[in-house]
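Visitor:
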Amino acid sequence: MDNKRAYKCTLKIFIVIYVITSIIGFYINYVNNDSTALFMGVVALITPWIIPGIFKLFKLTATDEIYIINLVFIYFASLIGSCFNGYSLPFFDKALHFSSGIFASLLAVILFCKIKKEKRINKIKDYYLFILFVNNTNLAIAMLWELYEYMMLILFNNDCINHYKTGVHDSMSDMICALIAGIIVLGLIHRYHKFGKNSFLLKLCENFYDQNY
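For the sequence shown, full-length UniProt numbering begins at 1 and goes up steadily by one.
(1) From this set, S199, D174 and M175, which residue's C-alpha is nearest L186's C-alpha?
(2) So, A104 versus N135, is the Cβ gap smaller than 7 angstroms?
(3) Just the Cα atoms here: how many angstroms apart are I51 and C205?
(4) Give every residue of the same chain whose Cβ lies closer than 8 angstroms to the Cβ of I54, excluding the five residues on either side of it in the sequence, and list them in chain order.
(5) Identify which residue in D210, S173 and L11 has its Cα closest to the Cα of K119.
(6) Using DSSP with H/G/I as helix, E/B as strand and the rest coil, what is N135?
(7) Where do the N-terminal and C-terminal ends of the alpha helix (DSSP H) with E118 fall, by residue?
(8) Can you give the beta carbon distance from Y164 to I68, rounded, assuming they're within the 8 angstroms contact cut?
(9) Can you name, in chain order, every residue of its own chain whose Cβ lies under 6 angstroms from the Cβ of F208, other than the five neighbours on each side?
(10) G81 and A178: beta carbons closer than 7 angstroms?
(11) Scan the segment 29–98 and note each continuous alpha helix (DSSP H) run of 4 residues or more that stays entirely inside, going in chain order.
(12) Which residues mark the beginning and the end of the alpha helix (DSSP H) in which I171 is found?
(13) Taking C-alpha atoms, which residue in S78, K4, V16 and I23 lies nearest to Y148?
(14) Buried or exposed: where does L144 fall if 16 or more other Cβ atoms within 10 Å of its Cβ makes it buried?
(15) On the DSSP letters alone, give me the boundaries of the alpha helix (DSSP H) that K165 sits inside.
(16) Could you check the C-alpha separation between L201 and M172 for me, to the nearest Å?
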């Protein structure tokens, strides 16, 4: 089995796991009469479509690797975290925000290459702009996520932002985790452009570019 078929098979397996876990979550939360978790279960059915929607908006075709990473991340961030009380586990939230910083930075790399229509940034001015774009996009996405959590508190009294426990500490530490992850991605980018040393994460971006251009 080649890599492409293997990725498609893996994606299908993860989709089945996601659906089965969702059904289990609905059943458990219905039995426990947990209306908040039931509502978040509905949200967890929507969130996996955000990234595909973004790619469709920009008229791009995502690779199966990207869909797999997206589904695995949403599985833990939205389904396990909100429907199975995963956020009560130590460092669960911080690990997810760190991961989101990596994925948001990679998304920024893809969008920049789409805008410039270049697989590799060669001009020094474009390179500095590229670095700023990746970093700022990562931080913008981190801020928008915290805004989403804040609106969950205001509209549904769902304190996923931990406002009543920590004030602004939880939001700030979440964004710092995303920032650190973004800096790591920028370090990989710098190593690639200066020394030609590639990594699995940047290969994802290259494969995406090759599939679309």
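Idealized CB from N, CA, C, for every residue including glycine.
Guide: From the atom records:
(1) As a first step, residue 186 must be located in the sequence shown, where it is residue number 186. The option with the nearest alpha carbon to L186 is S199.
(2) On the sequence shown, residue 104 is found 104 positions in, with the first residue counted as 1. On the sequence shown, residue 135 is found 135 positions in, with the first residue counted as 1. No. Outside cutoff.
(3) One-based indexing of the sequence shown puts residue 51 at position 51. One-based indexing of the sequence shown puts residue 205 at position 205. Straight-line Cα distance between these residues: approximately 15 angstroms.
(4) The residue labelled residue 54 in the question sits at position 54 within the sequence shown. L107.
(5) Residue mapping note: residue 119 aligns to position 119 of the sequence shown, counting from 1. Among D210, S173 and L11, the Cα nearest to that of K119 is on D210.
(6) Locating residue 135 in the sequence shown gives position 135, counting from the first residue. Of the three classes helix, strand and coil, the one that applies to N135 here is helix, per DSSP.
(7) By 1-based counting over the sequence shown, the position of residue 118 is 118. Neither: E118 is in no alpha helix (DSSP H) and is coded neither H nor E.
(8) On the sequence shown, residue 164 is found 164 positions in, with the first residue counted as 1. On the sequence shown, residue 68 is found 68 positions in, with the first residue counted as 1. Not really, about 36 angstroms apart at Cβ, beyond 8 angstroms.
(9) For the purposes of this step, residue 208 is taken as the residue at position 208 of the sequence shown. In the same chain as F208, and ignoring 5 residues on each side of it, the C-beta atoms closer than 6 angstroms to its own belong to T63 and I110, in chain order.
(10) Here residue 81 refers to the residue found at position 81 when the sequence shown is read from its first residue. Here residue 178 refers to the residue found at position 178 when the sequence shown is read from its first residue. Taking 7 angstroms as the cut-off, the beta carbon of G81 is found no closer than this to the beta carbon of A178.
(11) 35–46, 50–57 and 64–74
(12) On the sequence shown, residue 171 is found 171 positions in, with the first residue counted as 1. For the record, residue 171 in the displayed sequence is Ser; it is not Ile. Following the DSSP letters along the chain, one finds S171 inside the alpha helix (DSSP H) bounded by residues H169 to F195.
(13) As a position in the sequence shown, residue 148 is number 148, starting the count at 1. For the residues S78, K4, V16 and I23, the minimum Cα distance to Y148 belongs to S78.
(14) Position 144 of the sequence shown, counting from 1, holds the residue named residue 144. Exposed is the call here.
(15) Working through the sequence shown from its first residue, we reach residue 165 at position 165. Per DSSP, K165 belongs to the alpha helix (DSSP H) from H163 to T166.
(16) Here residue 201 corresponds to residue number 201 of the sequence shown, with the count starting at 1. Here residue 172 corresponds to residue number 172 of the sequence shown, with the count starting at 1. Roughly 26 angstroms separates the two Cα atoms.
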